[in-house]
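K.L.:
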Amino acid sequence: MANLIQPVRGMNDILPDATPRWQQLESVTREVLSGYAYREIRFPIVEKTELFARSIGEVTDIVEKEMYSFEDRNGESLTLRPEGTAGCVRAGLSNGLLYNQVQRVWYAGPMFRHERPQKGRYRQFHQIGVEAFGLAGPDVDAELIVMLARLWKRLGIGRVALQINSLGTLEARSVYREKLVAYLSQHLDQLDEDSKRRLATNPLRVLDSKAPGMNEVIAAAPSLMEHLDDESQRHFEALQALLDAAGVEYRVNPRLVRGLDYYSRTVFEWVTDRLGAQDAVCSGGRYDGLVAQLGGRPTPAVGFAMGVERLIALMEEEDVPMPDSTPQLYMVRVGAAAERAGFLLAERLRDALPGLRLVMDCSGGNFGNQLKRADKSGAMFAVIVGDQEAANGRASIKPLRESGEQQELAWDALVSFIAGQMD
Ligand code: HAM
Numbered sequence: 066m067a068n069l070i071q072p073v074r075g076m077n078d079i080l081p082d083a084t085p086r087w088q089q090l091e092s093v094t095r096e097v098l099s100g101y102a103y104r105e106i107r108f109p110i111v112e113k114t115e116l117f118a119r120s121i122g123e124v125t126d127i128v129e130k131e132m133y134s135f136e137d138r139n140g141e142s143l144t145l146r147p148e149g150t151a152g153c154v155r156a157g158l159s160n161g162l163l164y165n166q167v168q169r170v171w172y173a174g175p176m177f178r179h180e181r182p183q184k185g186r187y188r189q190f191h192q193i194g195v196e197a198f199g200l201a202g203p204d205v206d207a208e209l210i211v212m213l214a215r216l217w218k219r220l221g222i223g224r225v226a227l228q229i230n231s232l233g234t235l236e237a238r239s240v241y242r243e244k245l246v247a248y249l250s251q252h253l254d255q256l257d258e259d260s261k262r263r264l265a266t267n268p269l270r271v272l273d274s275k276a277p278g279m280n281e282v283i284a285a286a287p288s289l290m291e292h293l294d295d296e297s298q299r300h301f302e303a304l305q306a307l308l309d310a311a312g313v314e315y316r317v318n319p320r321l322v323r324g325l326d327y328y329s330r331t332v333f334e335w336v337t338d339r340l341g342a343q344d345a346v347c348s349g350g351r352y353d354g355l356v357a358q359l360g361g362r363p364t365p366a367v368g369f370a371m372g373v374e375r376l377i378a379l380m381e382e383e384d385v386p387m388p389d390s391t392p393q394l395y396m397v398r399v400g401a402a403a404e405r406a407g408f409l410l411a412e413r414l415r416d417a418l419p420g421l422r423l424v425m426d427c428s429g430g431n432f433g434n435q436l437k438r439a440d441k442s443g444a445m446f447a448v449i450v451g452d453q454e455a456a457n458g459r460a461s462i463k464p465l466r467e468s469g470e471q472q473e474l475a476w477d478a479l480v481s482f483i484a485g486q487m488d
C-alpha cells in the first residue's frame, strides 16, 4: 500500500463527532448577532500580501514571522489571511460599503498563522469576527461587549473575564512611545532578547511580555493610561459607565496592548483560566485609522474576533450540554419489495416530520443484522418493513431504548405514532 499522506502540522480535521459542537456555537452566535442587526459578509481567504503588511503592521509578529505567503503563477505575492479585519475593510472599500455609511457586519472562517502549534494554538484556526464601521462613539464599543456577554450566557460559558484598556490616539501614543523607549533603554539589562528587539520596532509590545523576570520592570514603566489624550480619556470613561450600567464586569488592564498595529482607543480581551497558556478566547478593539490607511475616507471602526477552537474547548471544559444529534429512527428493510417500500416510507416520514433524524439501512443483510445496527445507532425506534408488510402497505415499529411491544401499523398511523413520540 502507498504511504499515507500526513496532514499539515497545526491544521486540524474537524470530524463528524465534533461538528455538532461547532454548529451549536455557530447557530447561537448567528442568532445573537442578528439580534443586534449585524449581517454576514464573506470575502476571500487569499489577499495580496501588501494588504496585511499595511494594516496589521510590518513589525508585528504576524507579518514578520507568521504569514503563509506565496507567489502565484503571475509572480504576485499573495497571503492566506492571518485574520479577518484587513480583508473585511478591503472588501468594504472595494465595494463602496464604507463611504458615509454605517455597516455592522460579521464573518466566520479559517485563518492561517505559522505559529508554534500547541493546545489552543493552531496554524489553521477559525474565527468569528464582527466589525462596525462609521460609528465613533463609545456606545458601539459597549454594544459589542454587551453582545458578547449575552453570547457567553446563551452558550452556557461562565469562565470568561473581560479586560479592557485604551491605547489613545496614534498621536498620543507616539508621545508615550518615546517616553517608554527612554525608560526601557535605561533597563536594558532586565529585558529578554525578544523585548530588546521589540524596543526598536514595537516597544508597546514589551508591556505585553509574559517573560518571567520582567514583571518588575514592566510594572514600574510609565503608564499609557496617564498619557491618554482628553478625548480618548472621555471615550474610555463613557465606555466604562455604559458597562457599569449594563452590569458587565471588567478589569482595566493597562498592560493590554494587542499584537496588531491598527488599534486606537478601546482594546479588549475576554480571557479564561480554564485553557492554560492560550487564554484569550475573544479579542478586539477600535481601529479608527485603518480605513483611511487602506485608501478610504477616514471612517471610525471597531470590532473583535473570537477563536472558535478555544471557545469550543471551553464549552467542553464547562460541560455545556449539546443538542442531540443521534438519529431517532432507523429504517430496516428486508426483501426486494420492502426495500422500495421502506425507501418511500422514509421519505414520507421526512415530509411529515421536518426535524426528524432518520437513518435508512443501506448495508443489507437479514433482520437480525440490520436490527443490530439499528440498536448501535442510538435510535429510539426501528421501523421495520418486510415483503409481507410492503404488500399490505404497513410497517412495524419497534422500540429500541425502552421496553414495549413491536406493533404493526398502516403508514398513516405510523406517521402519527412517531409524530406523537417526537413531541
Ligand atoms: P487576534 O487577537 O489576533 O485579533 O485574534 C482573535 C482571536 O483569535 C484570539 O483571541 C484567539 O482566540 C484566536 N486566535 C488567534 N490566533 C490563534 C491561533 N493560532 N490558534 C487558535 N486561535 C487563535 C484579530 O485577529 C483581530 N482581527 C480581531 C479584531 C477584529 N479586532 C478588530 N476587529
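Quick note: the sequence shown, position 398, residue 463 per our numbering, numbers continuous.
Ideal Cβ positions, reconstructed from N, Cα and C, are used throughout, including at glycine.
Computed from a predicted structure; not experimentally measured.
Exposed or buried, residue 468, counting other C-beta atoms within 10 Å across all chains shown (16 or more means buried)?
P.N.:
When all chains shown are included, residue 468 counts as exposed.
K.L.:
Among 271, 307, 147 and 339, which residue has its Cα nearest to the Cα of residue 224?
P.N.:
Cα-wise, what sits closest to residue 224 is 339.
K.L.:
Spatial neighbours of residue 125 within its chain, please: CB distance less than 7 Å, with the 5 preceding and 5 following residues excluded, ordered by chain position.
P.N.:
Taken in chain order, the residues that qualify are 267, 324, 325 and 326.
K.L.:
Buried or exposed for residue 69, please, with buried defined as at least 16 other CB atoms from any protein chain shown within 10 angstroms of its CB.
P.N.:
Exposed, because fewer than 16 other Cβ atoms sit within 10 Å of the Cβ of residue 69.
K.L.:
Per DSSP, which one or two residues make a beta bridge with residue 349?
P.N.:
DSSP lists 333 and 369 as partners of residue 349.
K.L.:
Let me know the alpha helix (DSSP H) ranges lying completely inside the region 374 to 423, each 4 residues or longer, listed in chain order.
P.N.:
Listed in chain order, they are 401 to 417.
K.L.:
Which residues share a DSSP beta bridge with residue 171?
P.N.:
Note: residue 171 sits in a beta bridge opposite 105 and 195.
K.L.:
So, helix, strand or coil for residue 76, using DSSP?
P.N.:
Residue state, collapsed to three classes: coil.
K.L.:
To which residues of the same chain is residue 353 closer than 6 Å at the C-beta, ignoring the five residues directly before and after it?
P.N.:
Around residue 353: 329 and 365.
K.L.:
Output the distance between the C-alpha atoms of residue 401 and residue 473, rounded to the nearest integer angstrom.
P.N.:
Residue 401 and residue 473: Cα-Cα distance of roughly 19 Å.
K.L.:
What is the DSSP secondary structure of residue 178, reduced to helix, strand or coil?
P.N.:
Here residue 178 sits in coil by DSSP.
K.L.:
Would you decide whether residue 457 is buried or exposed? Buried here means 16 or more other CB atoms lie within 10 Å of its CB.
P.N.:
The residue is exposed, with fewer than 16 neighbouring Cβ atoms inside 10 Å.
K.L.:
From 282, 336, 210 and 382, pick the residue whose C-alpha is nearest to that of residue 312; which is it?
P.N.:
Taking only the C-alpha atoms, the option nearest residue 312 is 210.
K.L.:
Helix, strand or coil for residue 457 per DSSP?
P.N.:
In the structure shown, residue 457 sits in a helix (DSSP, three-state: H, G or I).
K.L.:
Quick check on the burial criterion: 16 or more other C-beta atoms within 10 angstroms. Buried or exposed for residue 227?
P.N.:
So residue 227 ends up on the buried side.
K.L.:
Rounded to the nearest angstrom, how far is the Cβ of residue 195 from that of residue 171, given a contact under 8 Å?
P.N.:
About 5 Å separates the two Cβ atoms, so the contact holds.
K.L.:
Check whether the Cβ of residue 112 sits closer than 6 Å to any heavy atom of the ligand HAM, and report yes or no.
P.N.:
Result no, Cβ not under 6 Å from the ligand HAM.
K.L.:
Rounded to whole angstroms, what is the Cα-Cα separation between residue 485 and residue 417?
P.N.:
For residue 485 and residue 417, the distance between alpha carbons rounds to 12 Å.
K.L.:
I'd like to know if the region 412 to 431 and the region 391 to 400 are in contact, where contact means that at least 3 CB-CB pairs between them fall below 8 Å.
P.N.:
Result yes; three or more Cβ-Cβ pairs closer than 8 Å.
K.L.:
Could you tell me if residue 117 is buried or exposed, where buried requires 16 or more neighbouring beta carbons within 10 angstroms of its beta carbon?
P.N.:
It is buried - the Cβ of residue 117 has at least 16 other Cβ atoms within 10 Å.
K.L.:
Starting from residue 288 and walking both ways along the alpha helix (DSSP H), at which residues does that stretch end?
P.N.:
Segment: none, residue 288 is in no alpha helix (DSSP H) and carries neither H nor E.
K.L.:
Quick check for students: name the residue ranges of the alpha helix (DSSP H) that lie wholly in the region 81 to 131, counting only runs of 4 or more.
P.N.:
As far as the region 81 to 131 is concerned, its whole alpha helix (DSSP H) runs of at least 4 residues are 84 to 99 and 114 to 121.
K.L.:
In the DSSP assignment, the beta strand (DSSP E) including residue 281 goes from what residue to what residue?
P.N.:
Not the beta strand (DSSP E): residue 281 falls in the alpha helix (DSSP H), residues 280 to 284.
K.L.:
Tell me the DSSP secondary structure of residue 212 in three-state form.
P.N.:
Three-state DSSP puts residue 212 in a helix.
K.L.:
Please confirm whether residue 438 has its beta-carbon closer than 7 Å to some beta-carbon of chain B.
P.N.:
The chain labelled as chain B is not found in the depicted structure, where only one protein chain is given.
K.L.:
Using the Cβ count rule (16 or more neighbours within 10 Å means buried), how would you classify residue 135?
P.N.:
That one is exposed.
K.L.:
Check this for me: beta carbons of residue 343 and residue 185, under 7 Å apart or not?
P.N.:
Yes.
K.L.:
Could you check whether the Cβ of residue 346 sits closer than 6 Å to any heavy atom belonging to the ligand HAM?
P.N.:
For the ligand HAM, at least one heavy atom lies less than 6 Å from the Cβ of residue 346.
K.L.:
Does any heavy atom of the ligand HAM sit closer than 6 Å to the C-beta of residue 370?
P.N.:
Yes; taking the cut-off as 6 Å, the Cβ of residue 370 has a heavy atom of the ligand HAM nearer than that.
K.L.:
Taking 7 Å as the threshold (C-beta atoms), are residue 379 and residue 337 in contact?
P.N.:
In contact: residue 337 and residue 379 (Cβ atoms closer than 7 Å).
K.L.:
Count the other C-beta atoms from every protein chain shown that fall within 10 angstroms of the C-beta of residue 427, then say buried if there are 16 or more, exposed otherwise.
P.N.:
Residue 427 is exposed by the Cβ-count criterion.
K.L.:
At a cut of 8 Å, does the region 403 to 413 reach the region 348 to 362 through at least three beta carbon pairs?
P.N.:
Short answer: they don't touch.
K.L.:
Nearest to residue 85 by CA position, among 419, 480 and 386, is which residue?
P.N.:
Out of 419, 480 and 386, 386 has the C-alpha closest to the C-alpha of residue 85.
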